[in-house]
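Participant: All residue numbers for the sequence shown refer to numbering that gives the first Met the number 0, where the first residue is 0 and numbers rise by one.
Note that beta-carbon positions come from the ideal geometry of N, C-alpha and C, so glycine has one too.
Bear in mind the structure is a predicted one, so any value in this text is a computation, not a measurement.
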Amino acid sequence: MEHETNTFSPVPTPWDSFGPDGPFIGKEVVSAMTGTKTPIGAFLDIANKERAECVTPVSGLALPSGPVDMQAYERFCDLICAEVIKGCDAVFLDLHGAMVVKNGPLDGEGVLLKKLRDINPTLPIAVSLDLHANVTPLMVNNCSVISGYKTYPHIDMYETGQLAGSILIEYLKGRLDPVMVWQNTPILAHTLKMDTQKGAMKDFAMCAKKAERGNVLSASAFGGFPMADIHDAGMSAVVVTNGDKQLAERTCENIIQTAWEKREDFIWTDIPLVDAIRSAKKINKGPVLLVDHADNCASGGTQDTMHVLKEALNQGLTNIGVGPIKDPVSVEIMTKAGIGATVSIDLGGKLNMPAIGKLGEPLKLSGVVKAITDGKYIVSGPQFTGMTMHMGKTVVLKTQHAEIVVTEKLQEPLDVGVFSSVGIDPTKKDYLLLKSRMYFQPVFSPMATDIIYCNGVGVTSSDWTLFKYQNVRRPIYPLDRFD
Ligand SMILES: [Zn+2]
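#1: Taking 7 Å as the cut-off, is the CB of ASP129 close to at least one heavy atom of ligand 1?
#2: Considering only the alpha carbon of each residue, which of LEU358, LYS434, ILE229, TYR430 lies closest to GLY103?
#3: Quick check on SER219: buried or exposed, where buried means 16 or more other Cβ atoms within 10 Å of its Cβ?
#4: For the alpha helix (DSSP H) that ASP291 lies in, which residues bound it at each end?
#5: Report the residue ranges of all beta strand (DSSP E) runs contained in full by the segment 170 to 221; include only those spanning at least 3 residues, in chain order.
#6: Can you name the start and end residues of the alpha helix (DSSP H) that PHE443 belongs to?
#7: State the start and end residues of the unbroken alpha helix (DSSP H) segment that holds ASP424.
#8: Taking 7 Å as the line, does the beta carbon of TYR151 fall inside it for any heavy atom of ligand 1?
#9: Out of LEU289, PHE481, TRP259, point me to the one whose CA is closest to ILE319's CA.
#10: Excluding the five sequence neighbours on either side, which residues of its own chain have a C-beta within less than 6 Å of the C-beta of TYR438, listed in chain order?
#11: Would you say GLU3 touches ligand 1, meaning its beta carbon is less than 7 Å from a heavy atom?
#12: Given a threshold of 16 other Cβ atoms within 10 Å of its Cβ, counted over all protein chains shown, does GLN161 qualify as buried or as exposed?
#13: Give me the Cα-Cα distance between LYS434 and THR121, rounded to the nearest whole angstrom.
#14: Tell me the DSSP bridge mates of ALA370?
#15: How many Å lie between LYS48 and ILE168 at the Cα?
#16: Mind checking whether LEU187 and ALA311 have CB atoms under 8 Å apart?
#17: Report yes if the C-beta distance between ILE39 and SER165 is below 8 Å; otherwise report no.
#18: Where DSSP assigns a beta bridge to ASN241, which residues make up the other side?
#19: Could you compute how far the alpha carbon of GLY347 sits from the alpha carbon of ALA81?
#20: Kindly provide the ranges of any alpha helix (DSSP H) runs that are 4 or more residues long and lie completely inside the segment 101 to 178, ordered along the chain.
#21: Shortest alpha-carbon distance to ASP274 belongs to which of ASP479, ILE79, ILE266, ASN313?
#22: By the DSSP assignment, the beta strand (DSSP E) with VAL405 in it spans what residues?
#23: Identify the continuous beta strand (DSSP E) that holds ASP274 and give its terminal residues.
#24: Output the residue ranges of the beta strand (DSSP E) runs that lie fully inside the segment 330 to 357 and measure 3 residues or longer, sorted by chain position.
#25: Per DSSP, ALA97 forms a beta bridge with which residues?
#26: Measure the C-alpha to C-alpha separation of THR250 and PRO136 and round it to an integer number of angstroms.
#27: Assuming GLN182 and SER235 are in contact, meaning their beta carbons sit under 8 Å apart, how far apart are those beta carbons, in whole angstroms?
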């Protein structure tokens, strides 16, 4: 049950958004998730290896968006609880850790875990969490083992499932006695500063990784998800040891301390959009990446703000690959017009963003419909390798200066398939405008001559003066001063 909730996002999160046709149910989970490099993939492998009788009530992953519909959340909980009530030896849960429910719990995962422990107070539960989890006491107090991803972009999902799952198996066999400790620190870090290969985040993640030896079974350093306005949003650490509470506390404190000491390095500062595009224009050889990070659907963005493309066109950039823009209305118009037709459309800007006081602003563009596809492609990796992606009906609009991938559904540009599946070779572009903030890196950074971060408009902006925080605990850095 995976969702990263941006409480400032206007994008709805119904049941259907948790998979191509909603979540996978029952045996569908096994066929859809076996062999994937995800925590569930790892859990299924462990169950197989142990020759366990394995029940898979549900599996659903939605892109980050606004708070989850109450009905959808309750359906997840009901499906999982219904199986647990029948009785089982252990539960493996692949959760995100930053789920907020609309008119419901602000800590979706914690409440689910509490429900399971209410059914059976001693039920062994292993949980894998995203590095962006906002870990809460309710989560930690209601399961046996938590392990979090140590990489962002996330390329160790499978390994995280393996770690949490295998500790629980050893516990079931009586060979380990997991003791878990959690601690947070008042830092609301910027997602753009959570790249685990750089700076303070690298040190934070490495500190956890290095701690995992001897009786320290699992150590996780969480960056947290700052755009979920809940009490426990922000950075934290969870440590699981073999029966040694003091060791767990010491290790946890040590990890947390590395974050607090370097707190300034978790804060992102933007340059104005005009200057960013100007510097991109000076680069002679492409593809140059224009990273439109304020409107990233992998953090809850509407994926339809047009400010970066508009500025790029204003300044005369050309041969730009853009994508994807989510605009089902334009997809419909262009599909009706057909391949080869010349169209004039108001692209993007379909959703208003009341939480940041912005209206949707479409961009008027004329061009030729170059391609129409069903939007399906198989990810070549290295993230989500082998999974089939569904962009919905997808159209390429070719204008004089840009080839724009327009989709029916939200789609993070995390794989080359976003372009190659619609006949665009991204390596042949001078500029690639990607509505992304981090997931583009493993695939697109190696082919790029430079990377320019563009501060457009959107609900994933790193300008926190735009967001009115009401629930997060205060004081918290950098919203408040710590002298
Ligand atoms: Zn994440």
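Facilitator: Reading it off the structure:
#1: yes
#2: ILE229
#3: By the neighbour-count definition (other C-beta atoms within 10 Å, threshold 16), SER219 is a buried residue.
#4: Segment 287 to 291 is the beta strand (DSSP E) holding ASP291; no alpha helix (DSSP H) there.
#5: Listed in chain order, they are 177 to 183, 215 to 221.
#6: 440 to 443
#7: Taken as a continuous stretch (DSSP letters only), ASP424 belongs to no alpha helix (DSSP H), as it is neither H nor E.
#8: yes
#9: Selected option, being the one with the closest Cα: LEU289.
#10: PRO152, ALA297, GLU411, LEU413
#11: yes
#12: buried
#13: 45 Å
#14: VAL395
#15: 11 Å
#16: no
#17: no
#18: For ASN241, the beta-bridge partners assigned by DSSP are PRO177.
#19: 42 Å
#20: For the segment 101 to 178, whole alpha helix (DSSP H) runs of length 4 or above, ordered along the chain, are 107 to 118, 136 to 139, 156 to 171.
#21: ASN313
#22: 401 to 406 is the extent of the beta strand (DSSP E) around VAL405.
#23: Counting along the chain, ASP274 falls outside any beta strand (DSSP E), though it belongs to the alpha helix (DSSP H) covering 272 to 280.
#24: Fully enclosed beta strand (DSSP E) runs of 3 or longer: 341 to 346.
#25: Answer is GLU3.
#26: 18 Å
#27: With a Cβ gap of about 6 Å, GLN182 and SER235 count as contacting.
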